[in-house]
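The block underneath contains the structure these notes are about, expressed in structure tokens.
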Amino acid sequence: MGIPVTSISLLLSLSSKTVRRWLREIAKEAEKKYYNTIGLIGGLGIVVEIDESKLGRRKYFHGYKVDDVWVLGMVERPPPNKNSFNYSA
Numbered sequence: 020m021g022i023p024v025t026s027i028s029l030l031l032s033l034s035s036k037t038v039r040r041w042l043r044e045i046a047k048e049a050e051k052k053y054y055n056t057i058g059l060i061g062g063l064g065i066v067v068e069i070d071e072s073k074l075g076r077r078k079y080f081h082g083y084k085v086d087d088v089w090v091l092g093m094v095e096r097p098p099p100n101k102n103s104f105n106y107s108a
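Residues 20 to 108 in the numbering used here are what the sequence shown lists, from first letter to last.
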């Protein structure tokens, strides 16, 4: 999904290795920024509701098992603070 690394490297006249390294660093910084802004949920007197779903499908409802993903949703009551996390099985 997105623009292939080879296309970016051609547009910027850089090696694919350099582009991959830059993209990895950008992803790390974005992840740090995200985790620094979400904060913690729960605490004394706060109820945290957790719901899970397993997403995946088999073609025509039979055959080999396909990759699936566990999706966890968490909501604290009160006050509303929502977070969701994906976990690949």
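For each residue, glycine too, the CB sits at the ideal point set by N, CA and C. On a predicted model such as this, the values are computed, not experimentally measured, just so you know.
Run of the beta strand (DSSP E) containing LEU74, from where it starts to where it stops: By 1-based counting over the sequence shown, the position of residue 74 is 55. Run containing LEU74: 66-74, per the beta strand (DSSP E) assignment.
CB of ARG39 within 7 Å of CB of VAL24, strictly: Looking up residue 39 in the sequence shown gives position 20. Looking up residue 24 in the sequence shown gives position 5. Yes, they are a contact pair.
Secondary structure of LEU63, DSSP reduced to three states: Start at 1 with the first residue of the sequence shown, and residue 63 comes out as number 44. LEU63 falls in the coil class under three-state DSSP.
Counterpart residues of ARG96 in DSSP-defined beta bridges: Taking the sequence shown and counting its residues from 1, one reaches residue 96 at position 77. ARG96 is bridged to VAL66.
C-beta contact flag for SER72 and VAL94 at 7 Å: Your numbering for residue 72 matches position 53 in the sequence shown. Your numbering for residue 94 matches position 75 in the sequence shown. The answer is no: Cβ separation not under 7 Å.
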